[in-house]
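Student:
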Amino acid sequence: AVNGAIFTDELGEFTRRREDFSQYPEPVRLFRLARALSKMAQAGQYNYSRAQKRGDLGMMYSSLAEFVQATAEVGYLLNRSYMPFYKWRIRGMEQFKRLKKLKSMLEHLMKKTADSAEIPDEIGVICAYVLEELKVQNLTKSSESFLDVQKEFVLHRMRELLKTKKMPIKEDTMDTLLKDMSENKKTLVDQIVAEEWKQFQKARNEGGEAECQHNWPTFEIMRKSQFYTWDEDVLSSYLDDLTQAARIGWNIVAEKYARMMEHTAPNQYR
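FYI, in our numbering the residues of the sequence shown are 14 to 283.
1) Given V81, which residues of its chain have a CB within under 6 Å of its CB, disregarding the five upstream and five downstream residues?
2) Taking only the alpha-carbon atoms, compute the straight-line gap between P126 and A18 and give it to the nearest angstrom.
3) Can you check whether the CB of V247 is closer than 7 Å to the CB of F213?
4) Return yes when the C-beta of A130 is under 6 Å from any heavy atom of the ligand MG, and no when it is not.
5) Indicate the three-state DSSP secondary structure (helix, strand or coil) for I19 in the structure shown.
6) Taking the straight line between their C-alpha atoms, what separation do you get for T84 and I261?
7) Taking the straight line between their C-alpha atoms, what separation do you get for M53 and K237?
8) Are at least three pairs of beta-carbons, each pair with one atom in the segment 131-139 and one in the segment 97-107, less than 8 Å apart?
9) Taking the straight line between their C-alpha atoms, what separation do you get for W263 and L255?
10) Taking E107 as the reference, give the member of M123, F240 and Y89 with the closest Cα.
11) Are V162 and L152 close, meaning C-beta to C-beta below 7 Å?
12) Quick check: what's the CA-CA separation for Y251 versus Y37?
13) Would you decide whether R111 is buried or exposed? Buried here means 16 or more other CB atoms lie within 10 Å of its CB.
14) Among residues of its own chain, excluding the 5 on either side of L160, which ones have a beta-carbon nearer than 8 Å to its beta-carbon?
15) With a threshold of 16 other CB atoms inside 10 Å of the CB of M123, please say whether the residue is buried or exposed.
16) In terms of residue numbering, what span does the alpha helix (DSSP H) encompassing A54 cover?
17) Using the C-alpha atoms, what's the distance from V87 back to E146?
18) Which residue wins for smallest C-alpha separation from S158, given the options N228, N92, I234 and V206?
19) Could you have a look at H227 and say whether DSSP puts it in helix, strand or coil?
20) Pick out whichever of W243, S249, R217 and W210 has its Cα sitting closest to the Cα of T231.
21) Could you tell me the alpha carbon to alpha carbon distance between Y74 and T177, rounded to whole angstroms?
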């Protein structure tokens, strides 16, 4: 709809309409950008490092693939263009006017073996590069390197646009955009994270502890960044599971770590 030559358009109406489709409306762009930044943080800055420490090769590959996908989406959104089908996605980044080095940075990352000791640093460099562009576009003034934190600044900007009605947007579209940030969803996530933390403190896992196990601020950021991507029905169901288990003395978090010991502490697991 937005590519290809226009052979004739005497009234200019077709051209005008096509230009309207040339990029996302700004609130939609910001919503999608926030979601993609969160995925970059979860997959690259958090889960990849955890996988590497465990020696979980499958998780390393999966985390890197998710990170590359999310980073590419962020690149297209910051260039105000649509992301193409996966087989043209990386090549299409050659047309970027912003983040021009992003394509080569991702390609350099993808040439590494999944368990390379250099990957965490490369992920950090890529995230820092993206952060600088967020600042250039006045989407944040924060220098926080963990991109899930930057997601909140982008969402704040989106809400400002919607409230001031500077951008034309239908009411039903607004409802859709704000659905994942509803007060009910935030309440569910807050309750889940609080209950998980309570159970986490009682876990006596072998084979190494997660960095966030005794660090509430880090734990809160990490878990909320994951749960905000869930829909409310799933969140509600999981909260029910957590609370019902707690009532009968069943620590779900401790059981998860106990099962992980098959790989993290195989001698104790047996």
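Backbone N, C-alpha and C fix where the C-beta goes; we use that ideal spot for every residue, glycine too.
Tutor: According to the structure shown:
1) Against the sequence shown, residue 81 aligns to sequence position 68. Closer than 6 Å at the Cβ level, and outside the excluded window around V81, lie L119.
2) Position 113 of the sequence shown, counted from the start, is the residue given in the question as residue 126. Position 5 of the sequence shown, counted from the start, is the residue given in the question as residue 18. The identity of residue 126 in the sequence shown is Thr, whereas the question assumes Pro. If you take the alpha carbons of T126 and A18, they lie about 42 Å apart.
3) Residue 213 sits at position 200 when you count from the first residue of the sequence shown. Residue 247 sits at position 234 when you count from the first residue of the sequence shown. No, the pair does not count as a contact, with Cβ atoms beyond the cut-off.
4) The model on display carries no ligand, and the ligand MG is accordingly not part of it.
5) As a working note, residue 19 is residue 6 in the sequence shown. Three-state result, I19: coil.
6) Along the sequence shown, one-based indexing puts residue 84 at 71. Along the sequence shown, one-based indexing puts residue 261 at 248. Roughly 43 Å between the two C-alpha positions.
7) The sequence position of residue 53 within the sequence shown is 40, counting from 1. The sequence position of residue 237 within the sequence shown is 224, counting from 1. Taking the straight line from one Cα to the other gives about 14 Å.
8) no
9) By 1-based counting over the sequence shown, the position of residue 263 is 250. By 1-based counting over the sequence shown, the position of residue 255 is 242. Spanning the two alpha carbons is a distance of roughly 9 Å.
10) Mapped onto the sequence shown, residue 107 falls at position 94. Comparing Cα positions, the closest option is Y89.
11) Counting from 1 along the sequence shown, the entry for residue 162 is found at position 149. Counting from 1 along the sequence shown, the entry for residue 152 is found at position 139. No. Outside cutoff.
12) Stepping through the sequence shown from its first residue, residue 251 is reached at position 238. Stepping through the sequence shown from its first residue, residue 37 is reached at position 24. Those two C-alpha atoms are separated by around 34 Å.
13) The residue given as residue 111 occupies position 98 in the sequence shown. Looking at its Cβ environment, which holds fewer than 16 other Cβ atoms inside 10 Å, R111 is exposed.
14) Locating residue 160 in the sequence shown gives position 147, where the first residue counts as 1. Only L50, S51, M53, A54, Q58, C140, V143 and L144 meet the Cβ criterion.
15) For this step, residue 123 is matched to residue 110 along the sequence shown. Per the 10 Å Cβ criterion, exposed.
16) Within the sequence shown, numbered from 1, the residue matching residue 54 stands at position 41. That residue, A54, is in no alpha helix (DSSP H); it is neither H nor E in DSSP.
17) Here residue 146 refers to the residue found at position 133 of the sequence shown. Here residue 87 refers to the residue found at position 74 of the sequence shown. In a straight line, the C-alpha of E146 is about 10 Å away from that of V87.
18) As a first step, residue 158 must be located in the sequence shown, where it is residue number 145. Cα-wise, what sits closest to S158 is I234.
19) Locating residue 227 in the sequence shown gives position 214, counting from the first residue. In the structure shown, H227 sits in coil (DSSP, three-state: anything other than H, G, I, E or B).
20) Within the sequence shown, residue 231 is the residue found at index 218, counting from 1. For T231, the nearest C-alpha among the options comes from W210.
21) Here the question's residue 74 lines up with position 61 in the sequence shown. Here the question's residue 177 lines up with position 164 in the sequence shown. One C-alpha to the other measures close to 43 Å.
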